[in-house]
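Residue numbers (the working numbering), protein chains in the order written: chain S, 1 to 110; chain U, 111 to 220. Each remark here refers to the structure printed beneath this line.
Protein chains: 2
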Amino acid sequence: METEALDAVDGEQLLAHAADIEIASRSLKAMSHPLRLKILCTLGSREVCVQGIVDNVGTSQSNISQHLAILRDKGILSSRKDANKVFYRIGDERTLRLIGMMQEVFCSTD
Amino acid sequence: METEALDAVDGEQLLAHAADIEIASRSLKAMSHPLRLKILCTLGSREVCVQGIVDNVGTSQSNISQHLAILRDKGILSSRKDANKVFYRIGDERTLRLIGMMQEVFCSTD
DNA sequence: TAAGTGTATTACCAAACGTTAATATAAGAA
DNA sequence: TTCTTATATTAACGTTTGGTAATACACTTA
Numbered sequence: 001m002e003t004e005a006l007d008a009v010d011g012e013q014l015l016a017h018a019a020d021i022e023i024a025s026r027s028l029k030a031m032s033h034p035l036r037l038k039i040l041c042t043l044g045s046r047e048v049c050v051q052g053i054v055d056n057v058g059t060s061q062s063n064i065s066q067h068l069a070i071l072r073d074k075g076i077l078s079s080r081k082d083a084n085k086v087f088y089r090i091g092d093e094r095t096l097r098l099i100g101m102m103q104e105v106f107c108s109t110d
Numbered sequence: 111m112e113t114e115a116l117d118a119v120d121g122e123q124l125l126a127h128a129a130d131i132e133i134a135s136r137s138l139k140a141m142s143h144p145l146r147l148k149i150l151c152t153l154g155s156r157e158v159c160v161q162g163i164v165d166n167v168g169t170s171q172s173n174i175s176q177h178l179a180i181l182r183d184k185g186i187l188s189s190r191k192d193a194n195k196v197f198y199r200i201g202d203e204r205t206l207r208l209i210g211m212m213q214e215v216f217c218s219t220d
């Protein structure tokens, strides 16, 4: 890890490309809602069905379903149907990495 | 009927504490607007005055000032006044780390 | 002092967001 | 078939957000 990237020199800046900014802010926005972040943290790298997410996150089934739809539509989650259950997982590698990084940054005692 | 997928790895969940979730989502939300993310990337670890940010980010002075206020009020930016100019910098260490991480994740190595 | 430059604030409006409640769909069980 | 569980969708409504335009404030210089 080099700190040189942060020491922007004379006009140099991070995430310089407009497309990168758009993609990154889109992902951040998707993760920035407490319930959605909690969903993502509940999932981590495993697969959990909707009811499992509801039990863990703690709001109504309808509310969870709508947040899952947002994450799914943005390409962050992917799902698999088994019988009458639907299992979700984080299908976007970058998001998975970001969640891990969030833990490094925001969890003090680990 | 049981949520075995969840029970199987009961203890394994990222950002487990409610307080961490709140703090993290708050920071993410602040960064999740394209203009604000661009401001943060413009700053990096250096100090830039408002007009410099306006020139680099590219919207109205009023709009930039409002986004700066949001970031300042959330404790992400700190500022210093010199004559009639105001210089901003990222004053929150965690945000600085996150921005660096965003670069790792979202910037294709070119 | 007046004029000019740099920054912040306000008011207004439209659009996006988030929650609840109700309903719909799908699949397994009886 | 009918009942029950699991998940998704829709409508409605209040809240928040974001942008523009206008204006106010702060400081500097002539």
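Ideal Cβ placement from N, Cα and C applies to all residues, glycine included. From a predicted model like this one, the values you see are computed outputs, not experimental measurements.
Closer than 8 Å to chain S by CB, residue i
| i | result |
| --- | --- |
| residue 183 of chain U | no |
| residue 161 of chain U | no |
| residue 197 of chain U | no |
| residue 164 of chain U | no |
| residue 177 of chain U | no |
| residue 131 of chain U | yes |
| residue 209 of chain U | yes |
Cα-Cα separation between residue i and residue j, rounded to whole angstroms
| i | j | result |
| --- | --- | --- |
| residue 77 of chain S | residue 40 of chain S | 9 Å |
| residue 80 of chain S | residue 209 of chain U | 33 Å |
| residue 177 of chain U | residue 145 of chain U | 8 Å |
| residue 62 of chain S | residue 72 of chain S | 15 Å |
| residue 158 of chain U | residue 201 of chain U | 13 Å |
| residue 93 of chain S | residue 103 of chain S | 16 Å |
| residue 16 of chain S | residue 88 of chain S | 33 Å |
| residue 108 of chain S | residue 133 of chain U | 12 Å |
| residue 215 of chain U | residue 14 of chain S | 12 Å |
Presumed contact (8 Å Cβ cut-off) between residue i and residue j, rounded CB distance
| i | j | result |
| --- | --- | --- |
| residue 131 of chain U | residue 37 of chain S | 6 Å |
| residue 135 of chain U | residue 33 of chain S | 6 Å |
| residue 211 of chain U | residue 101 of chain S | 5 Å |
Below-8 Å beta-carbon distance, residue i vs any chain U residue
| i | result |
| --- | --- |
| residue 59 of chain S | no |
| residue 6 of chain S | Here the model assigns residue 6 of chain S a pLDDT of 34, short of 50, so the residue's position is not dependable and the matter cannot be decided. |
| residue 44 of chain S | yes |
| residue 81 of chain S | no |
| residue 90 of chain S | no |
| residue 78 of chain S | no |
| residue 24 of chain S | yes |
| residue 32 of chain S | yes |
Nonlocal neighbours in the same chain, by C-beta distance under 6 Å from residue i, ignoring five residues either side
| i | result |
| --- | --- |
| residue 196 of chain U | 160 and 189 |
| residue 70 of chain S | none |
Cβ neighbour criterion (16 or more within 10 Å) applied to residue i
| i | result |
| --- | --- |
| residue 75 of chain S | exposed |
| residue 95 of chain S | buried |
| residue 128 of chain U | exposed |
Spatial neighbours of residue i in its chain, beta-carbon cut-off 7 Å, leaving aside the 5 residues before and after
| i | result |
| --- | --- |
| residue 152 of chain U | 158, 163, 166 and 167 |
| residue 192 of chain U | none |
| residue 194 of chain U | none |
Closer than 7 Å: residue i CB and nearest the ligand SAH heavy atom
| i | result |
| --- | --- |
| residue 62 of chain S | With respect to the ligand SAH, the structure offers nothing, as it holds no ligand at all. |
Cutoff 8 Å; reference residue i; Cβ partners in own chain excluding five residues on either side
| i | result |
| --- | --- |
| residue 65 of chain S | 50 |
| residue 59 of chain S | 35 |
| residue 97 of chain S | none |
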